[in-house]
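Per this note's numbering, the very first residue in the sequence shown carries number 2; after that it's consecutive.
Backbone N, C-alpha and C define an ideal beta-carbon position, used for all residues, glycine too.
Below is one structure; the comments refer to it alone.
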Amino acid sequence: MTSSNTYDAIVMGAGIAGMYQLYTLRQQGFKVKVFETGDGVGGTWHWNNYPGCRFDSESYTYAYSWSEEIIKDWTWTERFAPQPETKRYLNFVADKFDLRKDIQFNARVAKASYDEAATEWEVELDDGSTARAKFLVSATGPLSAFTLPGIPGRDTFAGESCHTARWPLGDSGWKANDFSGLKVGVIGTGATGVQVIQEIAKTAAELTVFQLAPNWCAPLNNGPIDAEETAHNKANAQAIFEQCNATFGGFLHAFDERSALDVSEEEREALFEKLYAEPGFGIWLGNFSDIMTSPEANDIITKFIAKKIRQRVTDPAVAELLIPKDHGFGTRRVPMETKYFECYNQDNVHLIDLNKTPIEEIVPAGIKCSDKQYDVDVLIYATGFDAVTGALRRIDIAGIGGEKLVDKWADGPSTYLGMQTTGFPNLFTLVGPHNGATFCNIPRCIEQNVEWVSDLVTHMRDKDLNEIQPTQKAEDDWTVHVDELAQMTLFPTADSWFMGVNVNDPTKKRMFMLYAGGAPRYKEKCDDVASKDYEGFVLK
Ligand SMILES: Cc1cc2nc3c(=O)[nH]c(=O)nc-3n(C[C@H](O)[C@H](O)[C@H](O)COP(=O)(O)OP(=O)(O)OC[C@H]3O[C@@H](n4cnc5c(N)ncnc54)[C@H](O)[C@@H]3O)c2cc1C
2 MTSSNTYDAI VMGAGIAGMY QLYTLRQQGF KVKVFETGDG VGGTWHWNNY PGCRFDSESY
62 TYAYSWSEEI IKDWTWTERF APQPETKRYL NFVADKFDLR KDIQFNARVA KASYDEAATE
122 WEVELDDGST ARAKFLVSAT GPLSAFTLPG IPGRDTFAGE SCHTARWPLG DSGWKANDFS
182 GLKVGVIGTG ATGVQVIQEI AKTAAELTVF QLAPNWCAPL NNGPIDAEET AHNKANAQAI
242 FEQCNATFGG FLHAFDERSA LDVSEEEREA LFEKLYAEPG FGIWLGNFSD IMTSPEANDI
302 ITKFIAKKIR QRVTDPAVAE LLIPKDHGFG TRRVPMETKY FECYNQDNVH LIDLNKTPIE
362 EIVPAGIKCS DKQYDVDVLI YATGFDAVTG ALRRIDIAGI GGEKLVDKWA DGPSTYLGMQ
422 TTGFPNLFTL VGPHNGATFC NIPRCIEQNV EWVSDLVTHM RDKDLNEIQP TQKAEDDWTV
482 HVDELAQMTL FPTADSWFMG VNVNDPTKKR MFMLYAGGAP RYKEKCDDVA SKDYEGFVLK
């Protein structure tokens, strides 16, 4: 490793995963380079500048756990921090540990190919420059490859438009979240759509929401964190992280082990009411454990949430439009909201049901639906991401014999532990498909992913090993196991990004993309594999 652009490891992406991977590998004495498309650290929290963007993880549970110094020196102001605060946090971490010196910004990895003879990866950036490393770690993010709908005439729109993940920054006007006097259109009502709609509704002259699929949203119940709670959170940080690590989703919320069907209606309602009034994902992940596995139990919570929507939306016809009819509560990611449903009681907010009146085209003045044209000044696409595999699909990755990852995964991903796939040695996919971290309060599980990879790479250095990839059997078994776990839940009953479904990309195969066994079980399996000399992998 003599050349200046040859490293022990290359990490693609400088979000929360890539930053920690850089830190740990550097701590182990490796020469590491991170390439990042954007011009700053933070990934999700760097890119998603749209108004209203914030956590649905409790801030102090989303934070890194590995530095007492960070815990001591950083103070979260809100239970669910807004995006600018999280971006500041990740920049604070980058500064504290001088991470930027090993990160090249404005450097998108366009290609990566495996050199079998040298057992090295060569990556090529958009500008044609190349670099090599023994290990290639993708930290490209589960929700970083944004998608736009293929609506005819999209480029003809005469006003200003953007995807929420590419919000143009500005000091005034709509870019700084003042929509006074403007007619705004928002396409999309997923988690991001909900966040941005409830903000724009506060100032826009007219806000027209174009909805294809309503979601089961629940109140975030955000609030400030006072000095007393801050002191408690800092003093008990490791206990809080431990509590998260013991739960299915890595959140503070743990399922109530009782069945929803085994308690009286009064008891059930009391729990639902309590959780609905509490902060965060408790209504989803702190509910009766069988709401995600039993159609009967799910039906009960689904009816409860529908009742809440009907109570909160004044016009019964609008309420019905906002109530999903094709899937149960929690079978898709639950968008967390703050007075979202009440927006639709305002005179300046209009809801268009695209199932009844589909968009035919975008025209210079606005959006033409099958019944009429809606003129808008600003058009916001809250149309989501090519989730989980999207960022990887956008890199031309070639493994042994030149096999392309995109071809190998044409019918859906197959992996071992969601970390590796055969034919692509020494490539690790943090927060990738089939990986426990992707279905988690992500940093809690990112730390597990990153530390597991760092330990493995260190093990290989210590044993003088050059190459690792899974056996075909281990990969096949894991892929079947991932599917079997999913089939034990209700997730496959809904079209969602969990299932690889994206209306903007009908070519994607419908299959469960995540690991539904829960974070503790996933970690246990990864630890077990490591303790058995990396069982299921071939090391050379
Ligand atoms: C709006 C929003 C809110 C969210 N809220 C939560 C939440 O509250 N709790 C939670 O657990 N999760 C949340 N998530 C999920 C979130 O993505 C993760 O929590 C976390 O940010 C993932 O970190 P990461 O480092 O894996 O990926 P990212 O943060 O997505 O970072 C990936 C980085 O890789 C870069 N990259 C991609 N491709 C390339 C390439 N080819 N070359 C170079 N660089 C590349 C990207 O530019 C990006 O900076 C949210 C996601 C979104 C979009």
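For the beta strand (DSSP E) holding residue i, just list the boundary residues, first then last.
{"i": "Arg-133", "result": "131-139"}
{"i": "Trp-48", "result": "From DSSP, Trp-48 is part of no beta strand (DSSP E) but of the alpha helix (DSSP H) over 45-48."}
{"i": "His-164", "result": "161-164"}
{"i": "Val-539", "result": "538-540"}
{"i": "Tyr-115", "result": "110-116"}
{"i": "Lys-474", "result": "That residue, Lys-474, is in no beta strand (DSSP E); its alpha helix (DSSP H) goes 473-488."}
{"i": "Val-504", "result": "Neither: Val-504 is in no beta strand (DSSP E) and is coded neither H nor E."}
{"i": "Phe-36", "result": "33-36"}
{"i": "Leu-428", "result": "428-430"}
{"i": "Thr-209", "result": "207-212"}
{"i": "Gly-186", "result": "184-188"}
Would residue i be called buried (16 or more neighbouring beta carbons within 10 Å of its own) or exposed?
{"i": "Gln-449", "result": "buried"}
{"i": "Arg-55", "result": "buried"}
{"i": "Arg-334", "result": "buried"}
{"i": "Asp-528", "result": "exposed"}
{"i": "Ile-104", "result": "buried"}
{"i": "Thr-423", "result": "buried"}
{"i": "Ser-415", "result": "buried"}
{"i": "Pro-52", "result": "buried"}
{"i": "Val-481", "result": "exposed"}
If you follow the alpha helix (DSSP H) that residue i is part of, which residue opens it and which one closes it?
{"i": "Pro-521", "result": "520-532"}
{"i": "Thr-7", "result": "Careful: Thr-7 lies outside any alpha helix (DSSP H), inside the beta strand (DSSP E) at 7-13."}
{"i": "Glu-230", "result": "228-236"}
{"i": "Gly-194", "result": "192-201"}
{"i": "Glu-268", "result": "266-278"}
{"i": "Ser-455", "result": "443-463"}
{"i": "Thr-120", "result": "Premise fails: Thr-120 is in no alpha helix (DSSP H) and is neither H nor E."}
{"i": "Tyr-21", "result": "17-28"}
{"i": "Thr-87", "result": "84-97"}
{"i": "Gly-283", "result": "283-286"}
{"i": "Thr-62", "result": "60-63"}
{"i": "Ile-72", "result": "69-74"}
Express the C-alpha separation of residue j and residue i in angstroms, rounding to a whole number.
{"i": "Thr-294", "j": "Thr-332", "result": "10 angstroms"}
{"i": "Leu-466", "j": "Ala-134", "result": "14 angstroms"}
{"i": "Gly-16", "j": "Tyr-90", "result": "12 angstroms"}
{"i": "Ala-219", "j": "Ser-58", "result": "14 angstroms"}
{"i": "Ala-320", "j": "Tyr-24", "result": "49 angstroms"}
{"i": "Met-13", "j": "Phe-305", "result": "43 angstroms"}
{"i": "Asp-354", "j": "Leu-144", "result": "26 angstroms"}
{"i": "Pro-83", "j": "Leu-149", "result": "24 angstroms"}
{"i": "Ser-5", "j": "Gly-41", "result": "23 angstroms"}
{"i": "Met-20", "j": "Phe-256", "result": "31 angstroms"}
{"i": "Trp-479", "j": "Ser-68", "result": "33 angstroms"}
{"i": "Asp-378", "j": "Leu-352", "result": "17 angstroms"}
{"i": "Pro-215", "j": "Gly-419", "result": "30 angstroms"}
{"i": "Leu-208", "j": "Ala-132", "result": "48 angstroms"}
{"i": "Ala-228", "j": "Glu-79", "result": "11 angstroms"}
{"i": "Trp-217", "j": "Ile-324", "result": "7 angstroms"}
{"i": "Leu-126", "j": "Phe-136", "result": "17 angstroms"}
{"i": "Ile-396", "j": "Tyr-61", "result": "33 angstroms"}
{"i": "Arg-348", "j": "Cys-370", "result": "The amino acid occupying residue 348 in the given sequence is Asp; Arg does not appear at that position. Rounded to whole angstroms, Asp-348 to Cys-370 spans 21 angstroms at the Cα level."}
{"i": "Gly-171", "j": "Asn-50", "result": "10 angstroms"}
{"i": "Ser-265", "j": "Asn-299", "result": "16 angstroms"}
{"i": "Phe-282", "j": "Leu-515", "result": "18 angstroms"}
{"i": "Phe-386", "j": "Val-530", "result": "32 angstroms"}
{"i": "Asp-484", "j": "Gly-329", "result": "20 angstroms"}
{"i": "Pro-430", "j": "Asn-234", "result": "Position check: residue 430 holds Thr in this sequence, whereas Pro was assumed. The straight-line gap from Cα to Cα measures roughly 32 angstroms."}
{"i": "Gln-542", "j": "Asp-327", "result": "Summary: the structure shown does not reach residue 542, with the chain confined to residues 2 through 541, and so no result is reported for it."}
{"i": "Thr-384", "j": "Phe-147", "result": "8 angstroms"}
{"i": "Gly-129", "j": "Thr-141", "result": "19 angstroms"}
{"i": "Asn-223", "j": "Ala-278", "result": "10 angstroms"}
{"i": "Gly-251", "j": "Asp-376", "result": "44 angstroms"}
Is residue i near ligand 3, in the sense that its beta carbon is under 8 angstroms from a heavy atom of that ligand?
{"i": "Glu-37", "result": "Among the ligands present in this structure, namely ligand 1, ligand 3 is not found."}
Kindly indicate if chain B contains any beta-carbon less than 9 angstroms away from that of residue i.
{"i": "Pro-444", "result": "This model lacks chain B altogether, as it is built from one protein chain only."}
**Request:** With a floor of 3 residues, list each beta strand (DSSP E) that falls wholly inside the stretch 361-420, ordered by position along the chain.
**Result:** Secondary structure within the stretch 361-420: the beta strand (DSSP E) runs of 3 or more consecutive residues, fully enclosed, are 367-370, 374-376, 379-382 and 397-399 (chain order).
**In chain order, each beta strand (DSSP E) run of at least 3 residues that lies wholly inside the stretch 289-362** = Listed in chain order, they are 350-354.
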